[in-house]
Amino acid sequence: MALALADTDQDVLLKAYKLGTQDAVTWSEATPAAGDADLTAGAGNSANTDTFSGTGAGSTAASNLTSLAEQTDPLGLRPHLGHVRDLDIALRSSILLSSKQFDSKLFLSSVHPDATFADLSRGVRFLRQSVEQRSEALKVLVEQNFDRFVAVKATTDGVYREMKESDDGPLRDDSDYGAKELKELLAAASAKADQVFTPLLENSLKALKLRSTLGVFERSKFFFNLPGTLSENIEAGRYDVALRDYKKGKFFLESKPGQLFAFNVPAAQSGDPTARGTIRQQEQQQRIFAKVWDAVEGTMQQMQARLFAMIQEPRRSVEDQEKTIELLLELNPKDDPLAVFLESQRNHMRSLMKKVYDSATKRMQAYAIQEMMPLDEKDKARNLQACIRILQTHNKNFDKLHGWEHWKAIRDMVRSLSEVICQLMPSFWRIAKDHASGRLERGQHPTNGGISSSNKLSPAAQNAFAERLNAQSRAWAMEALDSFVSILSQFFSLTDVAILGRQPLSALPGWVPKDSCSVSAAHWMRGILLELDEAVKEICALNVGGGSANASLKNLLANARFNMTEVLCNLWESDAAIFHMLEDWSLDTDAPSTTLFLRDLALFWKNNSREAYLIAGGKVDDGKQRELSIAPEFTGRIKASFLNGLYTFLDGLVQLAFSEYDPLDPTTSTSEKVFADTKVSIDVRELDARILLGVTNIDHLRRTVLPALFQQLTDSLHVKMNDDLKTVEEVAQQLDGILFDDYVNRKSGIISDILKEGILRSGVNWSTIPKPSEVHPFIYNALLAMVQVHAQVRAVAKPLVNRTITALLEQLAEVTYECFMEVPRFGMGGMLQATLEIEFVHQTLAQYVSKEAEQRLNKVYAMLSSKFQRSNSSRGGNAAEEAELIRVELEAVKKTLSASRRMTALEYLCFRPTKSSRTAKKPPA
Numbered sequence: 001m002a003l004a005l006a007d008t009d010q011d012v013l014l015k016a017y018k019l020g021t022q023d024a025v026t027w028s029e030a031t032p033a034a035g036d037a038d039l040t041a042g043a044g045n046s047a048n049t050d051t052f053s054g055t056g057a058g059s060t061a062a063s064n065l066t067s068l069a070e071q072t073d074p075l076g077l078r079p080h081l082g083h084v085r086d087l088d089i090a091l092r093s094s095i096l097l098s099s100k101q102f103d104s105k106l107f108l109s110s111v112h113p114d115a116t117f118a119d120l121s122r123g124v125r126f127l128r129q130s131v132e133q134r135s136e137a138l139k140v141l142v143e144q145n146f147d148r149f150v151a152v153k154a155t156t157d158g159v160y161r162e163m164k165e166s167d168d169g170p171l172r173d174d175s176d177y178g179a180k181e182l183k184e185l186l187a188a189a190s191a192k193a194d195q196v197f198t199p200l201l202e203n204s205l206k207a208l209k210l211r212s213t214l215g216v217f218e219r220s221k222f223f224f225n226l227p228g229t230l231s232e233n234i235e236a237g238r239y240d241v242a243l244r245d246y247k248k249g250k251f252f253l254e255s256k257p258g259q260l261f262a263f264n265v266p267a268a269q270s271g272d273p274t275a276r277g278t279i280r281q282q283e284q285q286q287r288i289f290a291k292v293w294d295a296v297e298g299t300m301q302q303m304q305a306r307l308f309a310m311i312q313e314p315r316r317s318v319e320d321q322e323k324t325i326e327l328l329l330e331l332n333p334k335d336d337p338l339a340v341f342l343e344s345q346r347n348h349m350r351s352l353m354k355k356v357y358d359s360a361t362k363r364m365q366a367y368a369i370q371e372m373m374p375l376d377e378k379d380k381a382r383n384l385q386a387c388i389r390i391l392q393t394h395n396k397n398f399d400k401l402h403g404w405e406h407w408k409a410i411r412d413m414v415r416s417l418s419e420v421i422c423q424l425m426p427s428f429w430r431i432a433k434d435h436a437s438g439r440l441e442r443g444q445h446p447t448n449g450g451i452s453s454s455n456k457l458s459p460a461a462q463n464a465f466a467e468r469l470n471a472q473s474r475a476w477a478m479e480a481l482d483s484f485v486s487i488l489s490q491f492f493s494l495t496d497v498a499i500l501g502r503q504p505l506s507a508l509p510g511w512v513p514k515d516s517c518s519v520s521a522a523h524w525m526r527g528i529l530l531e532l533d534e535a536v537k538e539i540c541a542l543n544v545g546g547g548s549a550n551a552s553l554k555n556l557l558a559n560a561r562f563n564m565t566e567v568l569c570n571l572w573e574s575d576a577a578i579f580h581m582l583e584d585w586s587l588d589t590d591a592p593s594t595t596l597f598l599r600d601l602a603l604f605w606k607n608n609s610r611e612a613y614l615i616a617g618g619k620v621d622d623g624k625q626r627e628l629s630i631a632p633e634f635t636g637r638i639k640a641s642f643l644n645g646l647y648t649f650l651d652g653l654v655q656l657a658f659s660e661y662d663p664l665d666p667t668t669s670t671s672e673k674v675f676a677d678t679k680v681s682i683d684v685r686e687l688d689a690r691i692l693l694g695v696t697n698i699d700h701l702r703r704t705v706l707p708a709l710f711q712q713l714t715d716s717l718h719v720k721m722n723d724d725l726k727t728v729e730e731v732a733q734q735l736d737g738i739l740f741d742d743y744v745n746r747k748s749g750i751i752s753d754i755l756k757e758g759i760l761r762s763g764v765n766w767s768t769i770p771k772p773s774e775v776h777p778f779i780y781n782a783l784l785a786m787v788q789v790h791a792q793v794r795a796v797a798k799p800l801v802n803r804t805i806t807a808l809l810e811q812l813a814e815v816t817y818e819c820f821m822e823v824p825r826f827g828m829g830g831m832l833q834a835t836l837e838i839e840f841v842h843q844t845l846a847q848y849v850s851k852e853a854e855q856r857l858n859k860v861y862a863m864l865s866s867k868f869q870r871s872n873s874s875r876g877g878n879a880a881e882e883a884e885l886i887r888v889e890l891e892a893v894k895k896t897l898s899a900s901r902r903m904t905a906l907e908y909l910c911f912r913p914t915k916s917s918r919t920a921k922k923p924p925a
């Protein structure tokens, strides 16, 4: 107990009891604590009565049990003083009536700050009345209980005499005022306390000595906690911290063991690290150190095994691998971590590439089995049409088209192989370069304090091992790249560009999905080449093997580009052969008398030209093709397929016009085609309508589409194609002539039959018929047939009206000449009738008379004149009279001609020249 009190600070005790000295003789009034607020809160009416009546504070303490809210206002101005609870506790003790520190001024300023003089005067009167009433009540109380007060006084005096004079009274002289028995009890308690607490004090002393001993061992805390600390750091992945602590512990163990464990001698206890204990103590120290250090070595072996496993993980970054290798080199393990890392990376690259290739091959074989049933031409055309529709959208997504899964599997294979080589080769080659430069090499850390110093090699052995490892790492890197190149070359059946470039276009290789469309194939092949190009660039940037591998990778990329260029060319030509099947004869509102089919053609050709340029190695910068020279082998293939496809397509146009109307989708396509903004419709099931639209399409193709396509290819490949364009235009012109001549010949055959029937087989005797009074009906019929042709051509292909009527007029003139040539001779009436009819046709179709038609009509006039003159000369008439007669008759014929023209003006109104045609034919002034 004494020890406990001695340990207590005297100032703390005085402060706890709020005393200034240990020898205080009076009690100082203290400010009530916060917890005493309810006890020191104002009392009720009885408290006030005691205060103002001058009685003691004993009754006040009991009355303090009343709450502050129930205390009344002594001035009578408020019902109670409950609001003073919100005041500060120090201020509250100065305004409560029961407090010894009561301050009247502070009471008035806090409780009645807003009271007027009248209020205070009234309060004073109320307070005086209250005091008088309480004093009067006290007097009455004393008067009524006086006999009780006397009895209490007598009783008190009797008790005092008995305590003082009795034998066992506590106040007698020999009882030490009643404290003697208490002192005896206290002495017995003290003896008992010594008996109980002496062992506790002795144990306390032992504890002090033990703490002193632990203080000595505190300096060895790091060493003895080292196994646990190392385990915690290793589990948390703080391998560098674990290695630092390990090296620190090994340093202290080898150089300063005295600082780790102080012997129980005075010098060691005072902190002298050179103090040495007894032999027994030294042996004990060695055993302790050996046991602790064995645990440390075991933990570091576990860390070393974990680090070796980490450097064999293929997905870690090269920075993490370098740090791990450096840590292992610090540990000086038996196996070289560089060799372990490089060999594991090499094995992983080989196995992973083989796994990717085998998996992709199985998938593609499954897709090839699904594609064994070939598509017919209509299905191929539908697939091509779907590709064209995708090209017309902003989001060019070729998924879900024919063969897309097969193409995607090929792209994924190239992507996976590229990811393998691009993820593993950089870390492999960087570590190999660091080792070759000497930055990561065994023996570069002479103070590393490795686990086993026996693993250190001599400098010569280290150099020899390093050279072998450098050579092996280069060989492994080249082996991995050669494997990458070999896998892709084998799959794509690649051959050197220099060899294939001198040969004709190769057949479609086996890796291409069957019945592929050139549009979707170009999309997928460009994605494949993009993956391969990025991988080649990334690996070439590493400069593996001093750059010897770069040539092989670039050659792989060039061969792949040429191979896929040939694939695109093959598919391009194949699609061109069936492209005409996409024609559904929908009319183009922007290009009258042509079909939307030409827009699809232009889009298809431009897309394939652009894709061929990109596959061949061209670049696109900000939407514009960058100036870049393409190898001649590529340009030759692309140009040849471009032209061959056009020739094939043009042949398809002729085939399309002569074939029956057979749309790809009969459910959505109709043969009735309506011109925009009109109610005129045509039926493309009719041969004439298809031929006329085919002619206008070829003309528009030749004038507008082909020059734009050739210009695009010229700009991208930088080749001259003017002669090729002229050749294609000539072919298109020939096909135009085939279609147009077929239409004109069929229509002219009808007109020829009418003319032959009227001239030769209608019974007209051209030598004896009278002078003409009207045009024969067969001429009207022939012209009406031409009116029908005019209406049909104008409805279907308005730009061909002049060309068609002119061609029919030339045919009509030729047939008329041939028919009249079969007539043996003409009389006056016959000659005039034939002249009337020829002139009627001539004037009716005046705006369509070409030079060829003019020559043929003049030839008819000359033939009629010649036959009439021969017959006239055979009769021997007077030439002058005959000439005058002919002149007179011709005047009559003119009148008849004029009358016939007027009568037929409405029927042949379509042949009358329009204002625009008259303006166009007006000769220059």
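Note that UniProt numbering gives residue 422 to position 422 of the sequence shown, counting from 1, and the numbers run on in steps of one. Note that beta-carbon positions come from the ideal geometry of N, C-alpha and C, so glycine has one too.
- The alpha-carbon separation between K139 and P74 amounts to approximately 21 Å.
- Assignment of L494 by DSSP, reduced to helix, strand and coil, places it in the coil class.
- In the assembly as shown, G158 is an exposed residue. Its beta-carbon has fewer than 16 other beta-carbons within 10 Å.
- A straight line joining the alpha-carbon of K433 with that of L342 spans about 11 Å.
- In the three-state scheme derived from DSSP, where H, G and I count as helix and E and B as strand, T155 is classed as helix.
- In chain order, L755, I838, V860 place their CB closer than 7 Å to the CB of T816, counting only its own chain and leaving out the 5 sequence neighbours on each side.
- About 33 Å separates the Cβ atoms of M300 and L210, ruling out a contact at the 8 Å cut-off.
- Cβ-Cβ distances below 8 Å link E405 to Y367 in the same chain, with the five nearest sequence neighbours on each side left out; the list follows chain order.
- Its Cα nearest to that of G76, the residue H112 stands out among H112, C819, K334, S427.
- Contact annotation: the stretch 396-403 does not touch the stretch 317-333, with fewer than three C-beta pairs closer than 8 Å.
- When DSSP assignments are scanned along the stretch 672-757, the uninterrupted stretches of beta strand (DSSP E) that are 3 or more residues long and fall wholly within it turn out to be 672-674, 681-683.
- From the listed residues H776, H718, T806, D723, the smallest Cα separation to N745 is found for T806.
- Closest by C-alpha distance to L542, out of E818, W429, A381, E889, is W429.
- Shown here, V849 sits in coil according to DSSP, grouped into three states, outside any helix or strand.
- Inter-residue distance for L243 and F251 is about 12 Å (C-alpha atoms, whole angstroms).
- Residue burial is scored here from C-beta neighbours: V485 has at least 16 other C-beta atoms within 10 angstroms and is therefore classed as buried.
- The beta carbon of L375 is closer than 6 Å to those of D515 in its chain, skipping five residues each way along the sequence.
- In this structure, Y647 is the residue among F868, Y647, L800 with its C-alpha nearest to the C-alpha of W572.
- Here L120 is near L108, since their CB atoms are less than 9 Å apart.
- Under the three-state reduction of DSSP, T595 is assigned to strand.
- From the listed residues T835, R803, L182, the smallest Cα separation to V849 is found for R803.
- A distance of 9 Å or more separates the beta carbons of E907 and L709.
- DSSP places V654 in the helix class (H, G or I) of the three-state scheme.
- If you draw a straight line from the Cα of T361 to the Cα of S716, it is about 36 Å long.
- If you check the CB distance, K851 and F820 do not come in under 9 Å.
- In terms of Cβ geometry, V705 and L693 do not form a close pair [threshold 9 Å].
- By the neighbour-count definition (other C-beta atoms within 10 Å, threshold 16), C910 is an exposed residue.
- A residue is called buried when at least 16 other Cβ atoms come within 10 angstroms of its Cβ; I369 does not meet this threshold and is exposed.
- A distance below 6 Å between beta-carbons, with the five flanking residues on each side excluded, links D412 to no residue of its chain.
- Less than 9 Å separates the beta-carbon of L171 from that of G178.
- For S586, the closest alpha carbon among the candidates A640, L532, Y661, A535 is that of Y661.
- For A558, the uninterrupted alpha helix (DSSP H) run begins and ends at 548-578, by DSSP.
- Rounded to the nearest angstrom, the gap between the Cα atoms of K221 and L352 is 50 Å.
- Rounded to the nearest whole angstrom, the C-alpha separation of G758 and S748 is 15 Å.
- Apart from the 5 residues on each side of it in sequence, S110 sits with its Cβ closer than 6 Å to the Cβ of I95 in its chain, given in chain order.
- Per the C-alpha coordinates, the member of F840, K894, G737 positioned closest to T904 is F840.
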